[in-house]
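Worksheet: the structure to be examined is printed underneath.
In this note's numbering, the protein residues as written are 107 to 293.
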């Protein structure tokens, strides 16, 4: 019986001796993780851009650098258009866009047209209904509307994608796949 008591007493002393060591290691661990959290916070603040136009411009610059098609109409424009599109076949194409900002959709002499329809002749695409409502265009970019100005969509509101801002682009194009871009040929 005495042996069991001595064994229990030794265990209590051993555990009592280990408690400061365990606490010291926990405090070191806390310091390590608080340091890591501070570093992560610093990196997050460095990566944060409060100006969404700066992010869009950066995206367009990167996209232009990766594109080899020098004949595009979006070449020098940094437009921030938020697009909701409904497309049918090319012979009766429909592109209706709407966002929350005001813009001018009239062509400017110095600007760049952002409607890319170079795959069809003007006689063909002038009958397509392409509309832009309240889009933001920067650096003189403009959208040339075509088709019936009094066009009424055959689609119901439930079939249309609601207008979204630029933050929704990644969600809208999530399953679109990557462009097959190679140096020296069109994407």
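C-beta: ideal position from N, C-alpha, C; glycine also.
- The beta-bridge partner set that DSSP reports for residue 219 consists of 248.
- Of the other Cβ atoms in all chains shown, 16 or more fall within 10 Å of the Cβ of residue 223; this residue is therefore buried.
- With contacts defined by Cβ atoms closer than 8 Å, residue 221 and residue 249 form a contacting pair.
- In the DSSP assignment, residue 229 falls within the unbroken alpha helix (DSSP H) covering 228-231.
- By the Cβ neighbour-count rule, residue 139 is exposed, with fewer than 16 other Cβ atoms within 10 Å of its own.
- Bounds of the alpha helix (DSSP H) holding residue 277 are 275-278.
- Annotated three-state conformation of residue 264 is helix, per DSSP.
- DSSP, reduced to helix, strand and coil, places residue 270 outside both helices and strands of the structure shown, so it counts as coil.
- Distance between residue 271 and residue 239, taken at the CA atoms: about 13 Å.
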